[in-house]
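Protein chains in written order, with this note's numbering: chain A, 1 to 383; chain B, 1 to 383.
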DNA sequence: ATTCGTTGCTAAATCGGGTTAGCGCCCGAT
DNA sequence: ATCGGGCGCTAACCCGATTTAGCAACGAAT
C-alpha cells in the first residue's frame with residue numbers, strides 16, 4: 001500500500017506547535033487570533049514541505065460540509081446532448097473546489113429515493129435534479145433536507161425550489177426571426193407541432209413554448225404560419241412522413257422543424273420530392289444536435305445551451321446554499337438560459353421581392369385564414 | 001433547516017444500550033459477539049423506528065473507506081457514445097452501494113493532477129481512468145496510492161494497472177465475417193484505414209486492431225482486400241471524399257467503413273454516383289453510433305460496447321480493491337470486452353454465385369497480389 | 001472458599017480535523 | 001507589590017461512527 005497520508009498532527013509536530021495552532025494558521029485565521037509571524041511561517045513551511053492536504057472527509061464530519069454536490073437525473077449522463085449539461089455543472093463546481101456525484105434514476109421513483117438517500121448519507125452540500133428533456137417533475141420530498149435546484153424541469157407541485165430552464169419562447173422567436181430576416185413571409189410551415197398550442201406531443205413543454213415564440217414573432221411581422229404537421233414523437237422517421245405528407249398538397253418555401261431529428265427526416269422527404277435545401281426550401285430547427293453540423297447542407301438551428309444550463313444550475317445552487325446558511329426563506333425562482341442561433345447553410349434569402357409577397361398575401365393565394373383567425377391546415381383548425 | 005439526522009447514539013439511547021452494542025448489532029456482528037436476542041431485537045426496532053441511516057462520512061473517517069469511486073476521463077461524460085460507459089459504471093457501482101465521482105480533464109495533465117488529488121482528499125476507494133477513444137495514456141503517478149483501472153486505454157509505460165478495452169481485433173473479424181457470410185468475396189474495399197497496418201490515423205489503436213481482425217478473417221477465407229482508402233480523421237466529410245475518390249476508379253461490391261461517421265459519408269458518395277445500398281454496394285461499419293440506426297438503409301455495424309465497458313471496469317476495479325486489501329501484488333491484466341454485431345439493412349447477399357466468384361478469383365481478374373503477397377492498391381503497397 | 005471461564009455488555013480510544021475556553025506570561029497602571 | 005489586561009498559544013471537546021480492551025455477574029471446578 002501507500003505511505004500514510006500526512007495529517008495536521010504531522011505538520012504541527014514538524015513546526016513544533018500544537019494542532020490547534022496549525023489548524024488556525026492553515027485555515028487563515030492565524031492573523032485574527034494573534035498567531036506570531038514566526039509561528040505562522042513555520043507552520044506554512046512545514047505544510048508545504050510535507051505536502052499536507054486536509055482530509056475532506058474529516059473536515060466534513062466536523063463541519064457537516066463535503067464540498068460535493070449531487071447531480072441526479074433521469075438519464076442525462078447517457079445522452080450526448082445532455083452530457084454537456086454535466087460538463088457545465090462539472091466545470092462550475094470545479095471552479096469552486098467542489099466535486100460532483102452523478103446518479104441516474106431511469107425515471108424510477110424508488111431508485112431516485114435510494115439515490116438521494118445515498119447522497120445525503122455522504123453529506124452532499126446541495127442537489128441538482130436534472131431532466132433529460134424539459135418537463136414537469138414530481139419533486140421527491142427527500143430533497144427538502146438539503147438545498148436543491150431543478151435543471152431543465154419544472155416542479156409539478158408548487159415548491160420553493162429554483163429551476164433552471166432553456167428560454168424556449170425566445171428560441172421560438174429566434175427561429176422565426178431567422179426566416180423573417182431572410183425575407184420569408186409566405187409558405188412557412190411547421191413540422192413537429194402546431195399550428196395550435198394544443199397540437200404538441202404529450203408533456204412537451206418545449207413544443208408549447210417554441211410554438212408561442214414562433215407565433216409571436218411571426219405575428220408581430222404580420223406573417224401567418226401557412227400550415228403545420230404535428231409529430232407524435234420527434235424522431236427522423238416522423239419528420240420524414242410528416243414532411244412527405246405536407247409536400248403532397250403544399251409547396252412550402254420554408255420549414256420550421258421542432259428539432260434536428262425531425263429536420264433530418266424533412267431533408268430526406270425534400271430530397272425524395274427533388275427539392276433542394278435551401279434553394280427551394282429553407283429550414284430552421286431547434287436543439288443543435290451534433291447531427292446538425294453533419295447534415296448537408298449544414299442545418300441552421302437554435303441551440304439548446306446544455307453547457308450553460310449546467311453551469312447556471314450550479315450557480316443558482318450555490319446561491320441557494322448561501323441563503324440556506326443565512327436562514328433566509330425565498331420562493332423558487334425560474335431562471336431562463338438563452339438559446340443561441342447557430343447560423344449554418346439551410347436558410348437562403350427568399351428570392352421573391354417583398355412587395356410581390358405582400359401583394360400575394362393580400363390576395364390570399366396562400367395562408368388562408370379560418371373564421372377564428374387561425375391558419376387553415378388541411379381541414380383541421382386549432383382546437 | 002432540517003431536523004438533525006438520527007445518529008447511532010440516538011438509536012442506542014432509544015434501545016437502552018450503549019453505542020458500542022448498537023454498532024455491533026447493526027453491523028451484523030452481534031451474534032458473533034454474543035449479544036442477546038432481546039437486545040438485538042430492541043436495537044433493530046429502534047433503528048427501524050427512528051429510520052436510522054449511518055453517516056457514511058463518519059464511517060469513512062474511521063474505516064478509511066467512502067463507498068465511492070472516482071471516474072476520471074479526458075472528456076467522456078460529454079460524448080453520447082461514451083456516456084454509456086458512465087452509465088454502465090454507475091449501475092455496476094450502484095449494485096454494490098457505491099457512488100461515482102465524475103471528473104473531466106480535457107487532456108490537461110495539471111487538471112488531471114488536481115482532480116485526482118481532490119478525489120483522494122475525499123477518500124475514494126478506487127479510480128477509473130477512462131479515455132474517450134481507445135488509445136495509450138501516460139498514467140499519472142498520483143494514482144499509485146489507490147486501486148485503479150484503465151478504461152478504453154492502455155498504459156504508455158508498463159504499470160501494474162489492469163485495463164479494460166473493447167475487443168477490436170475480434171470486431172474486425174466480425175465485420176469481415178458479416179460480408180463473407182453474405183457471400184462477398186470480391187470487391188471488398190476498406191474506407192478509413194488500410195490496407196497496410198501502418199495506413200491508419202495517428203495514435204489510433206482501434207484502426208490497427210480492426211485492420212488485423214479484418215485481414216485475418218478475410219485471409220482465412222482466402223479472400224483479399226480489393227483496396228483501401230485511409231482517412232486522416234474519421235469524420236463524415238473524409239468518408240465522403242475517400243469514397244468518391246474510390247468510386248472514380250473502382251467498382252466496389254462491399255465497403256468496410258472504419259466507423260459510422262465515415263459510413264455516413266460513404267452513403268452520400270454512393271448516392272452521388274447513383275449507387276444503392278445495399279443492392280449495389282453492401283456496407284458494414286464500426287461503433288454503432290446513434291446515427292447508425294437513423295441512416296437509410298439502417299447501418300449494419302459492430303458496436304462499441306460502452307455500457308459493458310463501464311460495467312466491466314467497475315468489476316475489475318472491485319477485484320483490484322479486494323486484492324489490494326489482501327496485500328497481493330499482481331501485474332495489470334488486459335480485459336477485452338466483446339463487440340457485438342448489430343445486423344441491420346446495409347448488407348445484402350452477393351448475387352454472384354460462389355463458383356463464379358471463385359473462378360474469377362482464380363483467373364486473377366480482381367484482387368491482384370504484389371510481390372509481397374499484399375494487395376496492390378492504386379500503386380501504393382504497404383510500407 | 002477461592003479460582004477460572006463464560007456470558008453479555010460497555011468505557012474509552014480512534015480516525016483527522018475544527019472550535020471553544022482558558023492558561024501562562026509580560027507589561028503597564030494603581 | 002498587586003492587579004488588570006492584552007498577547008500568544010494550547011488543552012480539551014466535538015463531529016459519528018468502529019474497534020479494542022475489559023468489566024461485572026454468574027456458574028462450575030478445585
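Note that beta-carbon positions come from the ideal geometry of N, C-alpha and C, so glycine has one too.
Taking the beta carbon of residue 253/B as the centre, do at least 16 other beta carbons fall within 10 Å, making it buried, or is it exposed? The count along the second chain starts at 1 and reaches residue 253/B at position 253. Per the 10 Å Cβ criterion, buried.
Listed in chain order, which residues of the region 110 to 131 of chain A have Cβ atoms closer than 9 angstroms to some Cβ of chain B?
111, 114, 115, 117, 118, 119, 120, 121, 122, 123
Using a Cβ-Cβ cut-off of 6 angstroms (strictly less than) and excluding sequence neighbours within five positions of residue 96/A, which residues of its own chain qualify? For the purposes of this step, residue 96/A is taken as residue 96 along the first chain, with counting starting at 1. For residue 96/A, where only same-chain residues beyond five positions count, there are no Cβ hits under 6 angstroms.
Along chain B, in chain order, which residues have C-beta atoms closer than 9 angstroms to that of residue 234/A?
Along the first chain, one-based indexing puts residue 234/A at 234. Those do not exist, as residue 234/A stays about 13 angstroms from chain B at its closest Cβ, beyond 9 angstroms.
| said: Classify residue 33/A: buried if its beta carbon has 16 or more other beta carbons within 10 angstroms, exposed otherwise. | reply: By one-based count along the first chain, residue 33/A stands at place 33. Residue 33/A is exposed by the Cβ-count criterion.
List the residues that DSSP assigns as beta-bridge partners of residue 286/A.
-> Taking the first chain and counting its residues from 1, one reaches residue 286/A at position 286. Answer by DSSP bridge pairing, in chain order: 302/A.
* Three-way DSSP call (helix, strand, coil) for residue 249/A in this model -> Sequence index remark: in the first chain, residue 249/A carries index 249 (1-based). Of the three classes helix, strand and coil, the one that applies to residue 249/A here is helix, per DSSP.
Exercise. Give the residues from the region 247 to 276 of chain B that approach chain A closer than 8 angstroms (Cβ to any Cβ), ordered along the chain.
Key: 261, 264, 268
*Quick one: which chain B residues come within Cβ less than 8 angstroms of residue 152/A?*
As a position in the first chain, residue 152/A is number 152, starting the count at 1. Those do not exist, as residue 152/A stays about 16 angstroms from chain B at its closest Cβ, beyond 8 angstroms.
DSSP three-state call for residue 201/A: helix, strand or coil? The residue given as residue 201/A occupies position 201 in the first chain. Coil at residue 201/A, not helix or strand.
- Query: The beta strand (DSSP E) with residue 386/A in it runs from where to where?
  - Reply: Beyond the ends of chain A as shown, which are 1 and 383, falls residue 386/A; an answer cannot be given.
* What residue does the beta strand (DSSP E) around residue 24/B start on, and which one ends it? -> Mapped onto the second chain, residue 24/B falls at position 24. Premise fails: residue 24/B lies in the alpha helix (DSSP H), 19 to 26, not in any beta strand (DSSP E).
Give me the Cα-Cα distance between residue 343/B and residue 72/B, rounded to the nearest whole angstrom. Residue numbering aside, residue 343/B sits at position 343 when the second chain is read from its first letter. Residue numbering aside, residue 72/B sits at position 72 when the second chain is read from its first letter. Spanning the two alpha carbons is a distance of roughly 33 angstroms.
Could you list which residues in chain A have their beta carbon closer than 7 angstroms to that of residue 56/B, in chain order?
Numbered from 1 along the second chain, position 56 holds the residue referred to as residue 56/B. Under the 7 angstroms cutoff, chain A gives 121, 122.
Notebook entry, point to check: Would DSSP call residue 9/B helix, strand or coil?
Noted result: On the second chain, position 9 is the one that residue 9/B refers to. Looking at residue 9/B - three-state DSSP - the assignment turns out to be helix.
Note to self: Check whether chain B comes within 8 angstroms of residue 101/A, counting only Cβ atoms and requiring the distance to be less than that.
What the structure shows: Taking the first chain and counting its residues from 1, one reaches residue 101/A at position 101. By this cut-off, residue 101/A is an interface position.
Query raised in the report: Looking at C-alpha atoms only, which residue of 188/A, 308/A, 317/A is the closest neighbour of residue 86/A?
Result: Position 86 of the first chain holds residue 86/A. With distances taken between Cα atoms, residue 86/A lies closest to 308/A.
Practice problem: Name the two residues that bound the continuous alpha helix (DSSP H) containing residue 44/B. | Solution: Working through the second chain from its first residue, we reach residue 44/B at position 44. Taken as a continuous stretch (DSSP letters only), the alpha helix (DSSP H) holding residue 44/B covers 37 to 50.
task: Output the boundary residues of the beta strand (DSSP E) element that contains residue 104/B.
output: By one-based count along the second chain, residue 104/B stands at place 104. Element bounds for residue 104/B: 99 to 104.
- Message: Just list the residues that DSSP pairs residue 188/B with in beta bridges.
- Response: As a working mapping, residue 188/B is identified with position 188 in the second chain. Paired residue(s): 254/B.
Could you check where the alpha helix (DSSP H) with residue 261/A kicks off and where it finishes?
Taking the first chain and counting its residues from 1, one reaches residue 261/A at position 261. Residue 261/A -> alpha helix (DSSP H) spans 260 to 272.
Notebook entry, point to check: Count the other CB atoms within 10 Å of the CB of residue 36/A; is the residue buried (16 or more) or exposed (fewer)?
Noted result: Along the first chain, one-based indexing puts residue 36/A at 36. It is exposed - the Cβ of residue 36/A has fewer than 16 other Cβ atoms within 10 Å.
>> Given a cut-off of 8 angstroms on the beta-carbon distance, is the pair residue 40/A and residue 25/A in contact?
In response: In the first chain, residue 40/A corresponds to position 40, counting from 1. In the first chain, residue 25/A corresponds to position 25, counting from 1. Going by C-beta atoms, residue 40/A is nearer than 8 angstroms to residue 25/A.
Note to self: Taking 8 angstroms as the threshold (beta carbon to beta carbon), is residue 16/A in contact with chain B?
What the structure shows: Working through the first chain from its first residue, we reach residue 16/A at position 16. No, because no Cβ of chain B sits closer than 8 angstroms to the Cβ of residue 16/A.
Handout entry: Beta carbon proximity, residue 66/B to chain A, threshold 8 angstroms
Key = Here residue 66/B refers to the residue found at position 66 of the second chain. It does: the Cβ of residue 66/B has a partner Cβ on chain A nearer than 8 angstroms.
* Asked: Which residue comes first and which comes last in the alpha helix (DSSP H) that contains residue 63/A?
  -> On the first chain, position 63 is the one that residue 63/A refers to. Unbroken alpha helix (DSSP H) run through residue 63/A: 56 to 63.
> residue 176/A to residue 228/A, Cα distance in whole Å?
Replying inline: On the first chain, position 176 is the one that residue 176/A refers to. On the first chain, position 228 is the one that residue 228/A refers to. C-alpha separation (whole angstroms): 14 angstroms.
DSSP-derived helix/strand/coil call for residue 194/B: Position 194 of the second chain holds residue 194/B. Three-state result, residue 194/B: coil.
Contact residues within the region 291 to 318 of chain B, judged by C-beta distance below 8 angstroms to chain A
291, 294, 296
Problem set entry | Beta-carbon spacing of residue 332/B, residue 257/B below 8 angstroms | Residue mapping note: residue 332/B aligns to position 332 of the second chain, counting from 1. Residue mapping note: residue 257/B aligns to position 257 of the second chain, counting from 1. Going by C-beta atoms, residue 332/B is not nearer than 8 angstroms to residue 257/B.
Can a CB atom of chain A be found closer than 8 angstroms to the CB of residue 326/B? Taking the first residue of the second chain as position 1, residue 326/B is located at position 326. Chain A contact via Cβ: absent.
Checklist entry - With burial defined as no fewer than 16 other Cβ atoms inside 10 Å of the residue's Cβ, what is the status of residue 21/A: buried or exposed? => result Counted from its first residue, the first chain places residue 21/A at position 21. Its Cβ being crowded by 16 or more others within 10 Å, residue 21/A is buried.
(message) Is there a C-beta anywhere in chain B that falls below 8 angstroms from the one on residue 60/A?
(response) On the first chain, position 60 is the one that residue 60/A refers to. Yes, contact with chain B.
Beta-carbon proximity list for residue 267/A, same chain, < 7 angstroms, skipping 5 on both sides
Counting from 1 along the first chain, the entry for residue 267/A is found at position 267. For residue 267/A, where only same-chain residues beyond five positions count, the Cβ hits under 7 angstroms are 277, 295.
Bridge-paired residues (DSSP) for residue 310/A:
Taking the first chain and counting its residues from 1, one reaches residue 310/A at position 310. Beta-bridge pairing links residue 310/A to no other residue.
Using a beta-carbon distance below 8 angstroms, is residue 183/A in contact with chain B?
Reading the first chain from its first residue, position 183 is the one you call residue 183/A. No, its Cβ sits nowhere closer than 8 angstroms to a Cβ of chain B.
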